[in-house]
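*Asks:* One structure, pasted below without further comment.
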Amino acid sequence: MATIAELVDAIDGFVDNRATTRDILINQIKGATRQIRIENSNLQRDLREVRRARTQLQNDLGREQRRRYDAEAERDNEIIRRQNAERVEQMAIADLHQLRTNGRNQINRMLDRMARKQARI
Numbered sequence: 001m002a003t004i005a006e007l008v009d010a011i012d013g014f015v016d017n018r019a020t021t022r023d024i025l026i027n028q029i030k031g032a033t034r035q036i037r038i039e040n041s042n043l044q045r046d047l048r049e050v051r052r053a054r055t056q057l058q059n060d061l062g063r064e065q066r067r068r069y070d071a072e073a074e075r076d077n078e079i080i081r082r083q084n085a086e087r088v089e090q091m092a093i094a095d096l097h098q099l100r101t102n103g104r105n106q107i108n109r110m111l112d113r114m115a116r117k118q119a120r121i
């Protein structure tokens with residue numbers, strides 16, 4: 001079994017060799033750049049997914065706002081229709097009262113004329 005000192009000496013000797021050190025550094029740099037590329041690719045994919053989700057959310061919000069606006073407009077229209085129907089009903093009732101009053105007035109005028117004619121006779 002090798003002692004720690006022997007292992008350290010072996011590592012130092014291995015690293016002292018410039019070609020070996022250069023190869024080690026190159027491999028470490030390549031490994032790091034590979035990891036960076038992978039991470040960048042993952043981040044780009046995540047960004048596309050976030051953008052898609054944001055677009056979908058905006059579309060959903062737009063549809064929901066339109067649905068609410070349409071529902072509110074429909075409620076307002078229903079209120080206006082009801083108010084118009086009530087006005088028409090009130091006008092019809094007023095017209096009926098006016099017709100009844102006019103009819104009574106005509107009858108009273110006819111009765112008055114008849115009474116005056118009878119009084120003259």
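Residue numbers (our numbering): 1 to 121. Just so it is clear, CB atoms sit at the ideal spot from N, CA and C, and this is done for glycine as well. Because the structure is a prediction, the values reported are computed rather than measured.
Leaving out the 5 sequence neighbours to the left and right, which residues in its chain are closer than 7 angstroms to residue 20 when beta-carbon positions are compared?
*Replies:* 14
*Asks:* What is the rounded straight-line gap between the Cα of residue 85 and the Cα of residue 95?
*Replies:* 15 angstroms
*Asks:* By how many angstroms is the C-alpha of residue 5 removed from the C-alpha of residue 23?
*Replies:* 24 angstroms
*Asks:* Tell me which residues share the same chain as residue 57 and place their Cβ nearer than 8 angstroms to its Cβ, disregarding the 5 neighbours each side in the sequence.
*Replies:* Cβ neighbours of residue 57 beyond the five flanking positions: none.
*Asks:* Distance, Cα to Cα, residue 38 vs residue 16?
*Replies:* Per the coordinates, the alpha-carbon of residue 38 lies some 32 angstroms from the alpha-carbon of residue 16.
*Asks:* Could you tell me the alpha carbon to alpha carbon distance between residue 7 and residue 48, rounded to whole angstroms?
*Replies:* Taking the straight line joining both Cα atoms gives about 49 angstroms.
*Asks:* For the alpha helix (DSSP H) that contains residue 108, what are its first and last residues?
*Replies:* First-last of the alpha helix (DSSP H) with residue 108: 18–120.
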